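Take 86 as the starting number for the sequence shown in our numbering and just add one per residue. C-beta atoms are modelled at their ideal positions from N, C-alpha and C, and glycine is treated no differently. Quantities reported herein were computed from a predicted structural model and do not represent experimental measurements.
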Amino acid sequence: MPQLEVAGASLTYDDEGPRDGDGVPLVFVHGWTANRHRWDHQLAHFSEKRRVIRLDLRGHGESTGAGVRTIAELADDVLALLDHLEVERFVLVGHSMGGMISQTVALAHPDRVERLVLVNSISRMTYSRGRGLLMAVSTRVPFKLFVAANIQRAFAPGYPREEIRAYIRASSATPREVVMTLYGAMRAFDVLDRLGEIRVPTLLVHGYHDIQLPVSQMLRMAKACPDAEVRILDAGHELPVEKPAELTATLDRFLTGARV
């Protein structure tokens, strides 16, 4: 796989599909403790007709590096890769933390983003006092248990246990420093009051059973960004792998300008 050295990290990425294909490139950004393979279904489908780019964020998957403290720094990595590939305009698709990164890019560089898709993502984390206390306590348990608990609850009831275990193993391979630092970065992320600045066509796709980032929080985004389209699917937080074909079909319709 190709790699890019940037700011103390080595970013592994895929760049597939025809350079003169339909529309501007699609850029897929994965979430916390995940990797670029969350987008396997979408890469296989869309790269037949257009250029598709995805990466492992620093410290995730096959990328190295740590030291990032904010979502904005991860957004800088994504932009560094796109600059390296000489991609000026693109469609951004971000899942969970990847959606936070995508919002950051769209707000900082509105001239470069043609369309924006946020999958199981939010603009501001809010908690009840009880849930906030539970999350604070969870950071004090052994690291592998902390990761396992978060990944386990990311899937809707009934998802195959063996597959969940495989995702837990992959997430547990993410360095502790990266996991815990970015956990704090997500909790600090807040651009809800700026969503109205995003003027490009935007799609909010969410899993109905998402308890990590509940639908109610996504609907606050929809209120702040009234021109956005909203689609809720029968899935948990890991929509790209729980309902890959449905998500791909939804993206397909959105990219062609049809109502989702």
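Beta-bridge pairing of residue i - partner residues as DSSP gives them
i	result
alanine 94	Val91
isoleucine 138	Asp100 and Val112
glutamate 331	Answer is none; glutamate 331 lacks a bridge partner.
isoleucine 317	His291
aspartate 275	Arg209
N- and C-terminal bounds of the alpha helix (DSSP H) containing residue i
i	result
arginine 250	246 to 257
isoleucine 236	228 to 237
methionine 365	Past the boundaries of the shown model lies residue 365; the chain is included only from 86 to 345, so the question cannot be answered.
phenylalanine 131	125 to 131
Residues near residue i in its chain [Cβ-Cβ closer than 6 Å; skip 5 each side]
i	result
phenylalanine 228	Arg261
aspartate 99	Arg139
leucine 288	Val202, Glu314 and Phe339
lysine 328	Leu318 and Ala320
Residue environment, residue i, which counts as buried when at least 16 other CB atoms sit within 10 Å
i	result
proline 311	exposed
glutamate 323	buried
aspartate 162	buried
alanine 191	buried
aspartate 278	exposed
leucine 230	exposed
arginine 200	buried
threonine 211	exposed
aspartate 107	exposed
aspartate 295	buried
glycine 93	exposed
Other residues of its chain near residue i: CB distance less than 7 Å, five sequence neighbours each side excluded
i	result
leucine 280	Ser208, Met306, Ala309 and Cys310
valine 91	Asp162 and Ala165
alanine 239	Gln297, Gly321, His322 and Glu323
Residues near residue i by beta carbon distance below 8 Å, same chain, minus five either side
i	result
arginine 104	Arg136
tryptophan 117	Ser181, Met182, Val264, Leu267, Tyr268 and Met271
isoleucine 249	Ile236, Gln237 and Phe240
Q) In the region 141 to 209, which residue ranges form an unbroken beta strand (DSSP E) of at least 3 residues, counting only runs that do not cross its ends? A) Scanning the region 141 to 209 from its first residue to its last, the whole beta strand (DSSP E) runs of 3-plus residues come out as 175 to 180 and 198 to 204.
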